[in-house]
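Under UniProt numbering, the very last position in the sequence shown is 481; numbers go up by exactly one each time. See below for the structure under consideration.
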Amino acid sequence: MSKRVFLREAVVSDEFDVIVIGAGPAGENVAGRAVRGGLSAAVVEENLAGGECSYWACVPSKALLRPVDLAGEVGRVPGMSLGPIDAAAVLARRDEAVSHMDDAGQVEWITGLPAEFVRGRGRLDGPKRVRVSLPDGSERLLTARHAVVLATGSRAVVPPVPGLAEAEPWTSREVTAAKAVPGRLAVIGGGVVACEMAQAMHGLGAAETTVLVRGGGLLERMEPFAGQLVAESFAASGITVRTGVEVVRVERPERGGPVTVHLSEGPPVEADELLVATGRRPATAGVGLESVGLPVGKPVQVDDSMRATGVEDGWLYAVGDVNGRDLITHMGKYQARVCGDVIAARARGEKDDRPGLRDVAGGYGAPQVVFTDPQVCAVGRTEAQARSEGFNVRAVEYDLGSVTGAYLLGDGYRGRAKAVVDEDRKVLLGVTFAGPGAAELLHAATIAVTAEVPLERLWHAVPSFPTVSEVWLRLLETYGL
1 MSKRVFLREA VVSDEFDVIV IGAGPAGENV AGRAVRGGLS AAVVEENLAG GECSYWACVP
61 SKALLRPVDL AGEVGRVPGM SLGPIDAAAV LARRDEAVSH MDDAGQVEWI TGLPAEFVRG
121 RGRLDGPKRV RVSLPDGSER LLTARHAVVL ATGSRAVVPP VPGLAEAEPW TSREVTAAKA
181 VPGRLAVIGG GVVACEMAQA MHGLGAAETT VLVRGGGLLE RMEPFAGQLV AESFAASGIT
241 VRTGVEVVRV ERPERGGPVT VHLSEGPPVE ADELLVATGR RPATAGVGLE SVGLPVGKPV
301 QVDDSMRATG VEDGWLYAVG DVNGRDLITH MGKYQARVCG DVIAARARGE KDDRPGLRDV
361 AGGYGAPQVV FTDPQVCAVG RTEAQARSEG FNVRAVEYDL GSVTGAYLLG DGYRGRAKAV
421 VDEDRKVLLG VTFAGPGAAE LLHAATIAVT AEVPLERLWH AVPSFPTVSE VWLRLLETYG
481 L
């Protein structure tokens, strides 16, 4: 239970063991683990409990992508056909998936931990102090006995291109919350959000979809074949991809009207909506970092226990996107579990060096899925990354479509698998799959990489026939086992 006393200026002060700023997946998990460890907690959130993932990212984007993915699967199976996708029905189901932007269920989960939920904008106000600006204009001062945790996430980046901000482009928030599908969509960027949302909107009715990529291809941080397969899928469905182009100017004379994107090469692109998907930055502005001596506008640097470095007495922690380590929801949740357990252990005066109290997974390379058709998923290092880090590498690839289980999923199944091997230790450094439905292969790869399973042992993990997972056998045979 919290203690409440009245201070001068009619500001209420509440004391908790742990205060979490941000009620997204990472913040919720910190509070859950801290309470499980016997501590009291308060969770502060300015917007919706559940955060970006629940309302503007992971959940709505996958609700929009699922019909497009399913249409691709049906189209590959002889004897089956599927009519046009009902975009209105898909958008309605997306609204259900995000609870119609009502966070009552998420708030109930937090209060049921039990933890106190505080609606308002929280910011650091010196050591172990959080000042909250409440919706009614008043303020509330919270103090922590043991720890304050920043879990404020990240924000979409809009590059300083002339006319771009004035054109009021969509970011990931607007595209996943769209009330209607534009007939013409231009997308700036070639990463995960750009690829997923270009395909989702095109499949739902954006007949003219153009993806503008500054680099040489799509998904350039992954193995080269991944972006190539997605680009081929885009071309087959009618999505235009223009690579090696810079956006130099954007014009939108009328608010909500057509937008023109001028490029460094070639003709301009005209569209009804413009999506900017050029990355994200940690949301550290306005959270009071200056009050504890940390730089503003940069990720909060943390050690492997998620404790912020450079803060006296070690009471400040940061989890999820805000620390810049791995800007992926499931990694933020993993960090949060580590963090909550560490705080509880330290509060009890226990040693904090036991297994589970450090971020280990991040060092191997975060697992990630791109939910396009074909799906792309990877864990660990790419071949290029492994070589740049000095590993003695051997890489093997296999045509995923040659596996019997893949063939049975439909005609024209195309995909590829790649394993990156540390030749000195004979363990996997990274694995990438690209192909329809490939995402379900990823967790086996994640276990193999993070557990450093020796290849000779992995050989005895027999895949079922006829499943796509038989690709594991083919990869190992290609390697020579």
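Where is the CB? At the ideal position from N, CA and C, for every residue including glycine.
Query raised in the report: Rounded to a whole number of angstroms, what is the C-alpha to C-alpha distance between R394 and A277?
Result: Their Cα atoms are separated by approximately 34 Å.
Requested in this report: Look at the alpha carbon of F6 and the alpha carbon of V342, and state the distance between them as a whole number of angstroms.
Outcome: The predicted position of F6 is uncertain, since its pLDDT is 38 and thus under 50; no value can be drawn from it.
Query raised in the report: In chain order, what residues of the same chain have a beta carbon less than 7 Å from the beta carbon of L357, not counting five sequence neighbours either side?
Result: So the list reads S305, V338, D341, V342, A345, once near-sequence residues are dropped.
**Report entry** Same chain, Cβ closer than 8 Å to R348, five either side skipped, listed in chain order
**Finding:** Hits under 8 Å: G37, G38.
Report task. Look up D399 in the DSSP assignment and give the residues it is bridged to. Result -> R416, per the DSSP bridge assignment.
Query raised in the report: Where G288 and D86 are concerned, what is the direct C-alpha to C-alpha distance, given to the nearest angstrom?
Result: Between the alpha carbons of G288 and D86 lies a distance of about 46 Å.
Query raised in the report: Are the CB atoms of V157 and G279 nearer to each other than 8 Å?
Result: Contact flag set, yes.
Query raised in the report: Rounded to a whole number of angstroms, what is the C-alpha to C-alpha distance between A198 and L274?
Result: A direct Cα-Cα distance of roughly 11 Å separates A198 from L274.
Query raised in the report: What is the residue span of the beta strand (DSSP E) that E46 lies within?
Result: Under the DSSP assignment, E46 falls outside any beta strand (DSSP E); it carries neither an H nor an E label.
Report task. Look up Y317 in the DSSP assignment and say whether it is helix, strand or coil. Result -> Here Y317 sits in strand by DSSP.
Query - Coarse secondary structure for P282, derived from DSSP in three states - result: The DSSP-derived three-state label of P282 is strand.
**Report entry** Within the segment 321–380, ranges of the beta strand (DSSP E) (whole runs, at least 3 residues)
**Finding:** Within the segment 321–380, the runs of beta strand (DSSP E) at least 3 residues long that lie entirely inside it are, in chain order, 368–370, 375–380.
Query raised in the report: Between which two residues does the beta strand (DSSP E) carrying V59 extend?
Result: V59 -> not in any beta strand (DSSP E); alpha helix (DSSP H) instead, spanning 58–75.
Query - Contact under 8 Å by Cβ, V175 with A206 - result: Against a cut-off of 8 Å, the Cβ pair of A206 and V175 comes out as no contact.
Query - Selected residue, minimal CA-CA separation from T372, among A438, V319, S469 - result: Taking the Cα of T372 as reference, the smallest distance to any Cα among A438, V319, S469 is reached at A438.
Report task. List the whole-angstrom C-beta distance separating Q106 from G50, where the pair is believed to meet the contact cut-off of C-beta under 8 Å. Result -> Confirmed, Cβ separation roughly 4 Å.
Query raised in the report: What three-state label does DSSP hand S133 in the structure shown?
Result: DSSP places S133 in strand when its eight states are reduced to three.
Query - Closest by C-alpha distance to G120, when choosing among L441, T243, A92, T152 - result: Looking only at L441, T243, A92, T152, the smallest Cα-Cα distance to G120 is reached by T152.
Requested in this report: Quick one: grab the DSSP three-state call for T171.
Outcome: DSSP places T171 outside both helix and strand once states are collapsed to three, so it counts as coil.
Report task. Measure how close the beta-carbons of L229 and A434 come, nearest whole angstrom, since I'm counting them as under 8 Å. Result -> At roughly 5 Å, the Cβ-Cβ gap stays under 8 Å, so L229 and A434 are in contact.
Requested in this report: Check each candidate in R123, K128, G256 and name the one with the smallest Cα separation from E139.
Outcome: Taking the Cα of E139 as reference, the smallest distance to any Cα among R123, K128, G256 is reached at R123.
Requested in this report: May I ask you to report which of helix, strand or coil DSSP gives I110?
Outcome: The answer is helix: DSSP assigns I110 an H, G or I state.
Requested in this report: Out of M201, V247, R474, E196, state which residue places its alpha-carbon closest to the alpha-carbon of G227.
Outcome: Scanning M201, V247, R474, E196 for the CA closest to the CA of G227 turns up E196.
Query raised in the report: Expressed to the nearest angstrom, what Euclidean distance is found between the alpha-carbon atoms of A144 and A318?
Result: Each residue's Cα considered, the two are about 15 Å apart.
Query raised in the report: Within the chosen definition, does the segment 398–406 reach the segment 461–475 through at least 3 CB pairs nearer than 8 Å?
Result: Flag = yes, the segment 398–406 and the segment 461–475 touch.
Query - Segment limits, alpha helix (DSSP H) that includes R93 - result: R93: member of the alpha helix (DSSP H) spanning 87–97, first to last residue.
Report task. Quickly, what does DSSP pair residue 533 with across the bridge? List them, please. Result -> The structure shown has nothing for residue 533, since the chain only spans 1 to 481.
Query raised in the report: When we look at the beta-carbon of M101 and count the other beta-carbons within 10 Å, is it buried (16 or more) or exposed?
Result: Its Cβ having fewer than 16 others within 10 Å, M101 is exposed.
Query - Rounded C-alpha distance that separates A366 from H146 - result: Roughly 29 Å separates the two Cα atoms.
**Report entry** Alpha-carbon spacing of V18 relative to A71, whole angstroms
**Finding:** One C-alpha to the other measures close to 47 Å.
Query raised in the report: For E440, which of helix, strand or coil comes out of DSSP?
Result: Of the three classes helix, strand and coil, the one that applies to E440 here is helix, per DSSP.
Query raised in the report: Is H146 helix, strand or coil when you go by DSSP?
Result: The answer is strand: DSSP assigns H146 an E or B state.
Query raised in the report: Between A361, S133, E251, A236, which lies nearest to V161 when the distance is taken from Cα to Cα?
Result: Put simply, of A361, S133, E251, A236 the residue whose alpha carbon is nearest the alpha carbon of V161 is E251.
Query raised in the report: Between which two residues does the beta strand (DSSP E) carrying A386 extend?
Result: Taken as a continuous stretch (DSSP letters only), A386 belongs to no beta strand (DSSP E), being part of the alpha helix (DSSP H) at 383–388.
Query raised in the report: Under 8 Å between the Cβ atoms of V300 and N323?
Result: Against a cut-off of 8 Å, the Cβ pair of N323 and V300 comes out as a contact.
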